[in-house]
Amino acid sequence: MLGLDVSASDQTVARWHGDEPDAPGLDARETRQLRHIRRLGATGSVLMAIGALGAGAQPVLQNPIQGVRILGLPARIPTTALTMAMTGTVLVVLAWLLLGRFAVGRSANGLPPRRMTRSQLDRTLLLWILPLTIAPPMFSRDVYSYLAQSEITARGLDPYSIGPGQALGLDNVLTRTVPTIWRDTPAPYGPLFLWIGRGISAITGDNIVFGIFLHRLCALAGVALIVWALPRLAKRCGVASVSALWLGAANPLLIFHLVSGVHNEALMLGLMLAGIEFALRAIEKSEPITGRSAAYLLAGTTLMALSTTIKITSILALAFIWMALARRWGPSVKSLIKSALYLGSITAVVIVAVSFASGLGLGWLSPATLGTANAVRSWMSLPTSIGIMTGFGGVLLGLGDHTTAVLSLTRPIAAVVAAFIIVRMLIAAFTGRLHPVGALGVSLGALVLLFPVVQPWYLLWAVIPLAAWATRAAFRIPTIAFSSIVCVILMPNGAEYKPFVIVQASIATIIVCTIIILATRNILPWRGAVSGDTGAKSKTETTDAYAESS
0 MLGLDVSASD QTVARWHGDE PDAPGLDARE TRQLRHIRRL GATGSVLMAI GALGAGAQPV
60 LQNPIQGVRI LGLPARIPTT ALTMAMTGTV LVVLAWLLLG RFAVGRSANG LPPRRMTRSQ
120 LDRTLLLWIL PLTIAPPMFS RDVYSYLAQS EITARGLDPY SIGPGQALGL DNVLTRTVPT
180 IWRDTPAPYG PLFLWIGRGI SAITGDNIVF GIFLHRLCAL AGVALIVWAL PRLAKRCGVA
240 SVSALWLGAA NPLLIFHLVS GVHNEALMLG LMLAGIEFAL RAIEKSEPIT GRSAAYLLAG
300 TTLMALSTTI KITSILALAF IWMALARRWG PSVKSLIKSA LYLGSITAVV IVAVSFASGL
360 GLGWLSPATL GTANAVRSWM SLPTSIGIMT GFGGVLLGLG DHTTAVLSLT RPIAAVVAAF
420 IIVRMLIAAF TGRLHPVGAL GVSLGALVLL FPVVQPWYLL WAVIPLAAWA TRAAFRIPTI
480 AFSSIVCVIL MPNGAEYKPF VIVQASIATI IVCTIIILAT RNILPWRGAV SGDTGAKSKT
540 ETTDAYAESS
């Protein structure tokens with residue numbers, strides 16, 4: 000993908016994938032299919048929420064459904080609960096794939112592609128998200144680390160020097176719910192997130208359920224920012240808003256891991272994308288950056304700096320806005336220095352202000368804190384996978400386990416390669432070969448793939464910006480395939496099950512989903528256009544479809 004010359008394709012992308020004011024909407028048949036797809040995804044989401052009562056990432060203590068006659072039933076039948084959660088997961092992914100037929104659209108005879116409307120997509124996304132907002136967390140137990148680290152901050156201790164076990168005690172109700180691997184590690188998050196967490200802890204105390212609810216509200220606020228910013232950025236890149244929202248915001252990775260999994264990536268990405276949008280409002284205008292334009296640039300830079308104080312990764316967005324601003328002021332060394340001083344001073348002020356106003360200082364920028372996640376060996380990380388496989392090969396050959404030694408080589412090499420790609424993208428953005436949003440997405444994609452530790456939700460760092468820019472099949476197809484596969488192979492409890500339980504649940508899931516596909520083969524577009532429905536549609540039928548979908 001990095002070797003493609005995309006500079007010449009911008010006009011083509013704008014012509015075929017832009018928001019056409021007179022683009023035809025779905026006809027009556029397609030609108031009916033859309034309603035069925037929406038119900039299929041909603042059914043899957045409800046099944047996930049019910050399955051989460053027994054197969055989700057439930058707290059060790061203060062489980063509100065334990066012993067309850069009906070709600071506590073899934074916990075007593077774990078295989079059935081896992082089957083429901085896995086079946087729901089597959090149904091949501093299938094519904095998302097079917098929805099793509101109406102979000103991306105297919106052009107014919109030189110006409111603009113028919114697509115669903117923005118309101119249709121928004122209502123579909125909302126319906127799929129709602130059941131998971133009241134369900135227990137799924138796919139990860141990180142939210143329990145958030146609660147413990149927030150309590151450490153609320154007690155006036157330094158979360159960047161001690162872990163929950165030492166700060167709160169191993170018998171503390173919050174510590175006991177934190178995964179064992181993270182009980183003695185410091186917080187890897189920025190001061191703004193822990194500052195917010197301290198406020199949540201002050202409200203909820205050691206009430207785990209209420210704390211999860213408030214953290215999920217923060218995640219939903221981040222998702223709302225993503226939904227607000229993504230179509231606006233897509234319009235700047237000549238991409239249809241519904242296409243970008245389908246691939247980015249409606250992606251099951253986002254629904255499962257940011258909403259259900261309650262990850263702080265939601266707030267990080269939301270602030271980052273909103274900041275980019277505000278900054279580009281000033282930079283991409285032909286008028287001088289004064290008055291309102293200057294206010295937009297200031298607001299955008301501030302939001303991106305705040306995003307950095309959630310997770311340091313989003314500082315890359317500031318680098319590409321730096322390139323865009325320097326290009327706007329004239330592609331020269333002088334403009335690079337001028338824009339760097341302007342953006343750098345605002346960013347420094349925001350970071351220092353948040354760090355010290357929160358009372359946490361700059362300890363979050365220390366190498367030890369930033370490297371906390373390296374304790375995990377992630378199979379999704381390319382350099383880590385190479386190191387693990389090489390070490391395993393050495394064991395098979397009788398040479399001993401040299402995994403640690405190999406990782407000490409593969410990880411630095413991967414870091415150098417990632418740095419090279421990022422520099423190349425910065426140059427492309429500065430010279431105007433790539434739009435800053437696209438260059439940022441490619442850079443984040445390289446960073447994720449070559450990062451020492453990769454979690455499934457890290458993929459959203461790259462997928463969401465790229466959804467606003469990339470329309471080539473070389474990007475879209477692998478993204479769709481990888482998102483779908485990753486979503487269905489993860490265990491909903493954020494941990495491991497016994498193999499025979501997984502096998503039983505997988506067989507049951509395959510049977511149920513196959514029956515659903517066969518039962519809906521004539522009402523859902525599993526095979527594309529339904530026979531007998533091809534050909535031109537009347538103007539009256541299209542008008543009726545608009546009225547039916549509103």
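According to numbering that gives the first Met the number 0, the sequence shown is numbered sequentially starting from 0.
Backbone N, C-alpha and C define an ideal beta-carbon position, used for all residues, glycine too.
From a predicted model like this one, the values you see are computed outputs, not experimental measurements.
Note on geometry: alpha-carbon atoms of A74 and I195 lie some 32 Å from one another. Annotation for E150: the continuous alpha helix (DSSP H) segment containing it runs 141-153. The C-alpha of D205 lies about 29 Å from the C-alpha of Y457. The beta carbon of T203 sits closer than 6 Å to the beta carbons of F209, G210 from its chain, once the five residues preceding and following it are set aside; these are given in chain order. DSSP places T184 in no alpha helix (DSSP H); its state is neither H nor E.
With contacts defined as CB atoms closer than 8 Å, S365 and Y159 qualify as a contacting pair. Proximity of the segment 221-232 to the segment 247-257 meets the contact definition, three or more beta-carbon pairs being nearer than 8 Å. Taking the Cα positions, S482 is about 29 Å away from I76.
The beta carbons of A294 and L257 sit about 30 Å from each other, so the pair does not count as a contact at 8 Å. A contact between stretches requires three or more CB pairs, one per stretch, nearer than 8 Å, and the segment 280-292 meets this requirement with the segment 312-331.
Contact between the segment 180-199 and the segment 120-134 is absent: fewer than three C-beta pairs spanning the two stretches fall below 8 Å. Annotation for T132: the continuous alpha helix (DSSP H) segment containing it runs 117-132.
Annotated as distal: I514 and W525, with beta-carbon spacing of 8 Å or more.
In the three-state DSSP reduction, F450 falls in the coil class, being neither helix nor strand. Comparing C-alpha distances from A273 to each of A223, L193, V422, L33 shows the shortest one belongs to A223. By the Cβ test, the segment 465-483 is in contact with the segment 438-446, since at least three Cβ pairs between them sit closer than 8 Å. Counting C-beta pairs closer than 8 Å gives three or more between the segment 39-48 and the segment 81-96, which meets the contact rule. In the three-state reduction of the DSSP assignment, F138 falls in the coil class. Straight-line spacing of the CA atoms in V349 and V67 works out to 48 Å. Here the alpha carbons of G362 and A94 stand approximately 44 Å from one another. Secondary structure of H214 (DSSP, three-state): helix. Counting C-beta atoms within 10 angstroms of its own C-beta, A480 has fewer than 16 neighbours from the protein chains shown and is therefore classed as exposed. The segment 421-430 makes no contact with the segment 448-456, as fewer than three CB pairs between them are under 8 Å. In this chain, the alpha helix (DSSP H) harbouring G43 covers 27-54. A contact is defined here as three or more CB-CB pairs under 8 Å, and the segment 325-339 fails this definition with respect to the segment 157-176. With contacts defined as CB atoms closer than 8 Å, N492 and A48 fail to qualify as a contacting pair. Taking the C-beta atoms as reference points, T30 is found no nearer than 8 Å to T508. A residue is called buried once 16 or more other Cβ atoms fall within 10 Å of its Cβ, and M388, having fewer, is exposed. In the structure shown, Q65 adopts coil according to DSSP, grouped into three states.
Counting every other CB atom within 10 Å of its CB across the protein chains shown gives P464 a total of 16 or more, marking it as buried. In the DSSP annotation of this structure, P287 is not part of any alpha helix (DSSP H), being labelled neither H nor E. 8 Å or more divides the Cβ of S313 from the Cβ of P190. H256 carries a helical assignment under DSSP once its states are collapsed to helix, strand and coil.
If you draw a straight line from the Cα of L25 to the Cα of L96, it comes to about 17 Å. Note on I484: under 16 other CB atoms within 10 angstroms of its CB, so exposed under the neighbour-count rule.
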